[in-house]
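K.L.:
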Amino acid sequence: MRTMQDVAQALSAMKFRKKTFGGVDESDVWKQLEALQRMYQQVYDEQAAYYQALLDERDQQLARLTGRPGGDAYG
Numbered sequence: 001m002r003t004m005q006d007v008a009q010a011l012s013a014m015k016f017r018k019k020t021f022g023g024v025d026e027s028d029v030w031k032q033l034e035a036l037q038r039m040y041q042q043v044y045d046e047q048a049a050y051y052q053a054l055l056d057e058r059d060q061q062l063a064r065l066t067g068r069p070g071g072d073a074y075g
């Protein structure tokens, strides 16, 4: 599982291909930014799933404690 620390490290290690006459290669910049965005999205999705699982588990525990069937503590 990747973390935001992995994203930060990737960002700090990023190097861009230089053009022959000044500047950087724009297509290389876009390619690396797309890779960084995919990594960030993966971290976000994994964290969202983790926290949703924690919320679901809490809801199930509340349902057991309150005696409500089906694991839905609010309905």
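Residue numbers for the sequence shown follow this note's numbering, so the first one is 1 and each next one is one higher.
Backbone N, C-alpha and C define an ideal beta-carbon position, used for all residues, glycine too.
1) In three-state DSSP terms, what is K18?
2) May I have the straight-line CA-CA distance separating K19 from L36, to the nearest angstrom?
3) Just checking, does the region 32 to 48 make contact with the region 8 to 15 on the three C-beta pairs under 8 Å criterion?
4) Residue range of the alpha helix (DSSP H) that M4 falls in?
5) Ends of the alpha helix (DSSP H) at R58?
P.N.:
This is what the structure gives:
1) K18 falls in the strand class under three-state DSSP.
2) Between K19 and L36, the C-alpha separation is close to 21 Å.
3) Output reads yes: the region 8 to 15 touches the region 32 to 48.
4) That run of the alpha helix (DSSP H) goes M4 to A13.
5) Run containing R58: E26 to T66, per the alpha helix (DSSP H) assignment.
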